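The opening position of the sequence shown corresponds to residue 3 in the numbering used here, with each subsequent residue numbered one higher. Right, one structure below, let's go through it.
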Amino acid sequence: MICLGIESTAHTLGLGVIDGKKVVENISATFTTTTGGMIPSKVSDFLVENLPILLAKLKTPLNKVDLIAFSQGPGIGHSLRIGQFLASALSFKLKIPIIGVNHCVAHLEIGKLVTKAKDPVLLYTSGANTQVIAFEGGQYRIFGETLDMGVGNFLDAFSRELGLGFPGGPKLEKLALKSKNYIKLPYVVKGMDVSFGGLLTNLKSKLKSEKKEDLAFSVQETVFAMLMEVSERAMAHCGKSELLLGGGVACNSRLQQMAGIMCKERKAKLFVPEKQFLVDNGAMIAWLGLVQYNAGKRMKASNIDIRPDWRTDQA
Ligand code: AMP
Ligand code: MG
3 MICLGIESTA
13 HTLGLGVIDG
23 KKVVENISAT
33 FTTTTGGMIP
43 SKVSDFLVEN
53 LPILLAKLKT
63 PLNKVDLIAF
73 SQGPGIGHSL
83 RIGQFLASAL
93 SFKLKIPIIG
103 VNHCVAHLEI
113 GKLVTKAKDP
123 VLLYTSGANT
133 QVIAFEGGQY
143 RIFGETLDMG
153 VGNFLDAFSR
163 ELGLGFPGGP
173 KLEKLALKSK
183 NYIKLPYVVK
193 GMDVSFGGLL
203 TNLKSKLKSE
213 KKEDLAFSVQ
223 ETVFAMLMEV
233 SERAMAHCGK
243 SELLLGGGVA
253 CNSRLQQMAG
263 IMCKERKAKL
273 FVPEKQFLVD
283 NGAMIAWLGL
293 VQYNAGKRMK
303 ASNIDIRPDW
313 RTDQA
């Protein structure tokens with residue numbers, strides 16, 4: 003069975019094709035800026051413009067597709083609507099079933115497919131989302147999460163203060179390599195959750211007095227350590243010995259390195275999917291759609307709606 007997956011929760015439009023358990027195609031277009039951040043209406047214009055371009059690049063003939071899957075939530079309403087529109091139109095036109103999937107769960111399931119992790123705790127660190135997720139007691143559960151912004155949005159917001167443009171995470175990573183000077187910053191772990199808002203305010207107050215590269219280095223050390231603490235505690239709590247990384251921030255080498263150290267210390271195994279499956283992508287949507295369809299899930303294009311606030315533990 004061939005499934006076409008459509009990803010459009012934020013600034014990436016992705017199309018992915020899965021045939022059985024094989025990723026056949028995974029193409030995307032991602033919005034960027036040189037200054038400032040992302041404005042939802044500008045992002046949705048970008049997604050709409052790239053829709054016909056990506057469809058034209060797709061090698062799989064649409065008449066070979068058996069199932070359409072799309073990211074139903076969580077995400078930015080403007081962006082989600084575009085994926086839903088395309089999915090519904092294709093479902094009607096091709097007379098094939100449609101299925102809406104939870105974006106966060108898709109990160110977990112594609113990670114398992116491509117790394118062969120069996121029962122991992124997922125540290126999902128993206129722009130808008132920061133969650134520690136695992137399948138436990140018959141459902142997906144969030145063991146820890148951000149209390150305010152996602153770690154990616156936090157890194158992007160701080161990068162914007164430094165004039166680095168969007169997305170800032172990769173630029174901040176490069177800048178951090180120029181320093182080894184750790185400046186003490188607020189370390190905010192509350193139970194199993196993390197918070198970045200206060201840290202952002204604190205960083206803004208240090209912009210004039212400290213060097214940019216020292217701040218970049220210190221911010222990575224601090225927030226990645228926070229993420230390791232809650233991930234490790236979730237692994238201990240669930241008795242799981244696999245950690246899977248997901249989300250765009252997981253492309254960061256220092257984050258991967260810290261996760262490797264933590265896993266080694268507790269004799270656990272770290273799984274890092276290749277970049278195309280870490281960032282938002284269509285293949286993960288296609289794969290989860292197929293898994294759900296094969297499990298008997300059915301939806302109707304005529305009454306399917308987006309779910310911007312859909313939580314992982316409701317999926
Ligand atoms: P996603 O929402 O999963 O597509 O991820 C996008 C987020 O990942 C943005 O906030 C980026 O700044 C962030 N990101 C991408 N690459 C890196 C990196 N190497 N280091 C830190 N953050 C990154
Ligand atoms: Mg994502």
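For glycine and all other residues, C-beta sits at the position ideal for the given N, C-alpha and C. Note that the structure is predicted; figures quoted are calculated from it, not measured.
Pair within 7 Å by beta-carbon distance, residue i and residue j
i: Leu174; j: Leu157; result: yes
i: Lys269; j: Glu244; result: no
i: Trp312; j: Asn104; result: yes
i: Ala119; j: Phe273; result: yes
i: Pro42; j: His13; result: no
i: Ile20; j: Ala297; result: no
i: Pro215; j: Leu257; result: The amino acid occupying residue 215 in the given sequence is Glu; Pro does not appear at that position. Not in contact: Glu215 and Leu257 (Cβ atoms no closer than 7 Å).
i: Asp282; j: Gly102; result: no
i: Gly319; j: Gly284; result: The displayed coordinates of the chain run from 3 to 317. Any statement about residue 319 would go beyond what the structure contains.
i: Gly77; j: Ile8; result: no
i: Phe279; j: Leu205; result: no
i: Tyr184; j: Ser211; result: no
i: Ile4; j: Met301; result: no
i: Ile308; j: Arg83; result: yes
Alpha carbon of residue i to alpha carbon of residue j, nearest angstrom
i: Ser90; j: Ala303; result: 5 Å
i: Ala1; j: Gly146; result: Since the first residue shown for the chain is 3 and the last is 317, residue 1 is missing from the structure and cannot be characterised.
i: Gly171; j: Phe48; result: 21 Å
i: Gln141; j: Val26; result: 29 Å
i: Gly250; j: Met286; result: 14 Å
i: Gly75; j: Lys208; result: 36 Å
i: Asp195; j: Ala252; result: 18 Å
i: Leu292; j: Pro310; result: 22 Å
i: Leu124; j: Lys61; result: 32 Å
i: Ser93; j: Gly262; result: 43 Å
i: Val191; j: Leu149; result: 10 Å
i: Ala236; j: Lys95; result: 45 Å
i: Cys240; j: Leu69; result: 35 Å
Nearest candidate by alpha-carbon position, reference residue i, set the options
i: Val116; options: Asp311, Ile263, Ile306 and Gly248; result: Gly248
i: Ile361; options: Lys24, Gly170, Leu217 and Thr37; result: With the chain covering 3 to 317 only, the question about residue 361 has no answer from this structure.
i: Asn254; options: Glu223, Glu234 and Gly167; result: Glu223
i: Leu246; options: Gly7, Val107 and Thr148; result: Val107
i: Phe198; options: Glu212, Ile185 and Val225; result: Val225
i: Pro122; options: Phe168, Leu60 and Ser233; result: Ser233
i: Thr36; options: Met286, Ile84, Arg162 and Leu88; result: Arg162
i: His109; options: Ser128, Pro99 and Leu92; result: Ser128
i: Ala71; options: Ile308, Gly241 and Leu290; result: Leu290
i: Lys2; options: Asn28, Gln74, Met40 and Ser10; result: Outside the shown range of the chain, which is 3 to 317, sits residue 2, and nothing can be said about it.
i: Pro54; options: Cys240, Ser30, Met40 and Ser73; result: Ser30
i: Asn52; options: Ala317, Leu69, Thr32 and Leu92; result: Thr32
i: Tyr126; options: Cys5, Gln316, Met264 and Leu229; result: Leu229
i: Leu6; options: Val45, Pro63, Gly38 and Ser46; result: Pro63
i: Leu88; options: Lys61, Leu57, Lys114 and Asp68; result: Leu57
i: Asp315; options: Ser93, Glu138, Ser73 and Asp68; result: Glu138
i: Ser10; options: Tyr189, Val50, Thr34 and Ala238; result: Val50
i: Leu187; options: Cys265, Ala218, Gln133 and Ala317; result: Ala218
i: Val45; options: Pro169, Ala238 and Met151; result: Pro169
i: Gly165; options: Lys114, Thr132, Gly39 and Lys299; result: Gly39
i: Asn155; options: Thr132, Cys240 and Ala227; result: Thr132
i: Ala238; options: Asp68, Val67, Val134 and Lys114; result: Val134
Q | Residue ranges of each beta strand (DSSP E) within the segment 95-129, 3 or longer | A | Listed in chain order, the complete beta strand (DSSP E) runs (minimum 3 residues) inside the segment 95-129 are 100-104 and 123-127.
Q: Name all residues in chain order for which at least one heavy atom of the ligand AMP lies closer than 5 Å to the residue's CB.
A: The filter returns Ser128, Gly129, Gly154, Asp158, Pro169, Gly171, Pro172, Glu175, Gly249, Gly250, Val251, Cys253, Asn254, Val281 and Asp282, in chain order.
Q: Tell me the start and end of each unbroken alpha helix (DSSP H) in the segment 256-285 that is at least 4 residues and wholly inside, in chain order.
A: Qualifying alpha helix (DSSP H) stretches, in chain order: 277-280.
Q.
Please give me, in chain order, every unbroken run of the beta strand (DSSP E) with length at least 3 that falls completely inside the segment 134-167.
A. Those beta strand (DSSP E) runs which fall completely within the segment 134-167 and span 3+ residues are 141-147.
Q: Mind listing, in chain order, the continuous beta strand (DSSP E) runs of no fewer than 3 residues lying wholly within the segment 22-88?
A: Runs of the beta strand (DSSP E) inside the segment 22-88: 24-32 and 69-75.
Q: Only counting runs of 3 or more residues, tell me where the beta strand (DSSP E) segments fall wholly within the segment 211-252, in order along the chain.
A: Uninterrupted beta strand (DSSP E) stretches at least 3 residues long and entirely within the segment 211-252 occur at 244-248, given in chain order.
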